[in-house]
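Shown next, in structure tokens, is the structure this report addresses.
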Amino acid sequence: MIYYFSGTGNSEWVARSLAQQTGDSVTRITKKTPFPVEVKKNEVFGLVFPIYAWSLPRIVSDFLKNITVESGAYCYAVCTCGAEAGYAMRLLGARMHMDGVWSLIMPDNYIVAFKVEDDDEALEKVRHANVRLHEIADHINARDCGCSDVHIGRFAFFKTFIGGHLFNRYALSAKPFRSTWACNACGLCMRVCPTGNIRIADDMPFWGDDCQQCMACIQRCPKHAIEYGRSTEKHGRYVFHFTQEQIEDTDG
Ligand SMILES: Cc1cc2nc3c(=O)[nH]c(=O)nc-3n(C[C@H](O)[C@H](O)[C@H](O)COP(=O)(O)O)c2cc1C
Numbered sequence: 018m019i020y021y022f023s024g025t026g027n028s029e030w031v032a033r034s035l036a037q038q039t040g041d042s043v044t045r046i047t048k049k050t051p052f053p054v055e056v057k058k059n060e061v062f063g064l065v066f067p068i069y070a071w072s073l074p075r076i077v078s079d080f081l082k083n084i085t086v087e088s089g090a091y092c093y094a095v096c097t098c099g100a101e102a103g104y105a106m107r108l109l110g111a112r113m114h115m116d117g118v119w120s121l122i123m124p125d126n127y128i129v130a131f132k133v134e135d136d137d138e139a140l141e142k143v144r145h146a147n148v149r150l151h152e153i154a155d156h157i158n159a160r161d162c163g164c165s166d167v168h169i170g171r172f173a174f175f176k177t178f179i180g181g182h183l184f185n186r187y188a189l190s191a192k193p194f195r196s197t198w199a200c201n202a203c204g205l206c207m208r209v210c211p212t213g214n215i216r217i218a219d220d221m222p223f224w225g226d227d228c229q230q231c232m233a234c235i236q237r238c239p240k241h242a243i244e245y246g247r248s249t250e251k252h253g254r255y256v257f258h259f260t261q262e263q264i265e266d267t268d269g
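Going by my numbering, the sequence shown opens with residue 18, and the numbers climb by one from there.
As structure tokens, then:
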């Protein structure tokens, strides 16, 4: 089974592509994912998730607390990131034994800090990731052990252990989220939130205090009617939207 967490679809696409190439199936990690997960001898456990502040999303860390793995199981993880994963995979390796770990560079979805990349640039990243995905699937199918190919980046120790810690402590607040006049209370933000942190009342969304910063609500709003403070007003929106034809068509 491949377990994945995804806010804007990058990691979901990776998980589904891997499932197709390895004959496996996928389960989305949400607050409702059934616990505990037991991985038996000879079973395969895959984990796909986005990097948040050179670290693991909190929901993924929590998920890992409830997994037991019998020896003889094959375990691997793939993270997606805009540029650098830092030592996130080391944090993961400290939690459970991994036979293979890889990172894939994908379009960056952190619009609180950055403008979205233009579509051509984003597609180029996805095409490159797609080529690497085939190689990763080959390793998984061969049950290769000791594989590690991660874009760690510079100053990884500082970024993961200080930046990641500060992010988890101070940046997970949903308070800056607000809806604008364009909101028609369709409730999509509520439905896509992986932690059930949004409720609709008086025809507008309200955020609670269990936010992962996955960006699903703000990025997937069909009316562009959600902002995070003022920082997202001019940063555009990104959701994985590429077709397999676009990805495979390297002439285009
Ligand atoms: C809160 C947050 C923090 C992020 N931190 C990093 C980071 O430290 N390094 C990086 O390369 N990308 C970072 N990103 C970008 C995402 O890891 C990347 O876009 C990922 O592919 C998104 O996956 P998803 O579409 O499955 O949610 C961050 C994104 C978010 C939302």
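Note that CB positions come from ideal geometry on N, CA and C, so glycine has one too.
{"Query": "Burial state of Pro124 (16 or more Cβ within 10 Å)", "Result": "buried"}
{"Query": "Those runs of the alpha helix (DSSP H) which lie wholly inside the stretch 82 to 150 and span at least 4 residues", "Result": "105 to 112"}
{"Query": "Sufficient close CB pairs (3 or more, under 8 angstroms) joining the stretch 71 to 84 to the stretch 46 to 54", "Result": "yes"}
{"Query": "CB contact below 9 angstroms: Tyr127 versus chain D", "Result": "In summary, chain D is missing from the structure at hand, where a single protein chain is found."}
{"Query": "Backbone secondary structure at Cys162 - three-state DSSP", "Result": "coil"}
{"Query": "Terminal residues of the alpha helix (DSSP H) in which Gly181 lies", "Result": "Gly181 to Tyr187"}
{"Query": "Per-residue DSSP class, three states only, for Phe52", "Result": "coil"}
{"Query": "Heavy atom of ligand 1 within 8 angstroms of Ala70 beta-carbon", "Result": "yes"}
{"Query": "CB-CB length for Val86 against Ile19, believed under 8 angstroms", "Result": "At roughly 15 angstroms, the Cβ-Cβ gap does not stay under 8 angstroms, so Val86 and Ile19 are not in contact."}
{"Query": "Check: Phe22 C-beta below 8 angstroms from any heavy atom of ligand 1", "Result": "yes"}
{"Query": "Ser196 to Glu141 span [Cα, whole Å]", "Result": "32 angstroms"}
{"Query": "Asn126 vs Gly89 beta-carbon contact at 9 angstroms", "Result": "no"}
{"Query": "Reference Cys162; option with closest CA among Ile153, Leu35 and Gln263", "Result": "Ile153"}
{"Query": "Among Leu121, Ser165, Glu138 and His168, nearest to Asn147 - alpha-carbon criterion", "Result": "Leu121"}
{"Query": "Sub-9 angstroms separation of Gly181 and Ala105 beta-carbons", "Result": "yes"}
{"Query": "Short Cβ contact (9 angstroms threshold) for Ala102 with Val209", "Result": "no"}
{"Query": "Cut-off 6 angstroms between Cβ atoms - residues of its own chain near Thr47, not counting five sequence neighbours on either side", "Result": "Pro211"}
{"Query": "Backbone CA spacing between Ser222 and Met232 [nearest angstrom]", "Result": "According to the sequence shown, residue 222 is Pro rather than Ser. Answer to the nearest angstrom: the Cα atoms are 15 angstroms apart."}
{"Query": "Boundaries of the alpha helix (DSSP H) in which Glu29 is found, first to last residue", "Result": "Asn27 to Thr39"}
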